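Under my numbering, the first residue of the sequence shown is numbered 205, with each subsequent residue one higher. Positions of the beta carbon are idealized from the N, C-alpha and C atoms, including for glycine. Bear in mind that the values here come from a model prediction, so they are computed numbers and not experimental data.
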Amino acid sequence: SYYGVEKGDILEALPRSRILAVVASMLFVHVGIVYLVKSIVLQLYFHSVFSSGDLQGRTLVSYIKHGGIGLAMLMFGFCVANAVPFFSQLLGLIGGMLGGPINFLFPLYMFLASQGRYIRLAEDPERSSSEDALTGKRWEESSAVACWRALRAVSKRELLLIVFICAFIGMTTVLGVTQQILEILKLNGESGAPFSCRGLLPEKNHTELGNPSACSRI
């Protein structure tokens with residue numbers, strides 16, 4: 205153990221001392237900075253999606269829309285945090301669902317899409333660079349179509365490797381998410397259902413009042 209840490213949750217495992225206060229303060233500052241930075245970016249993005257006309261406006265309506273989006277994001281985070289009120293399991297659930305696809309499947313998909321568009325450009329350069337006569341927009345196709353074109357051009361060995369990667373990542377994603385869901389259900393049985401408040405028994409290593417023998421001595 206390091207500074208008395210013997211569990212996965214460092215704040216829960218640390219002894220009640222000045223070290224715990226320092227670590228908790230650093231975690232609070234970290235979460236605050238990350239939330240402020242990411243929330244501003246997400247607010248601007250959602251504002252541009254729902255009402256791009258007044259994104260840079262300095263009017264009361266624009267401020268109300270921007271603040272409303274921020275409030276909606278905050279309420280969404282509140283609902284998620286209370287629906288799964290176990291931080292480590294929530295991170296495990298998010299990582300189990302998105303870790304494999306983001307690290308392995310998305311890069312593979314983007315490579316195949318770019319390869320498919322390269323093949324299209326090599327086969328028909330005039331069509332690839334043509335523009336619509338009415339709208340003036342460049343002719344484009346779906347990334348899924350380009351990905352399918354690239355899959356038809358790869359060798360059997362590469363196709364077999366792609367299928368293996370997709371199957372393996374899919375299997376690990378299902379197993380990881382299932383394990384986290386089982387842990388969440390187990391903790392829900394111990395701590396109560398989501399959005400419920402129930403007092404927890406004090407731990408023996410934190411205070412002597414949680415020890416039944418201590419009560420009998422009083």
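Judged by DSSP in its simplified three-state form, Phe282 adopts helix. Between Phe291 and Ile273, the C-beta spacing is not below 9 Å. At a Cβ-Cβ threshold of 9 Å, Ala317 and Ala354 count as neighbours.
At least 9 Å separates the beta-carbon of Cys351 from that of Leu309. For Pro311, the uninterrupted alpha helix (DSSP H) run begins and ends at Phe310 to Glu327, by DSSP. Secondary structure note for Asn307: it is in no alpha helix (DSSP H), with a DSSP letter that is neither H nor E.
Residue state for Gly303 is assigned as helix, using DSSP reduced to three classes. Leu275 is not a Cβ neighbour of Ser266, given a cutoff of 9 Å.
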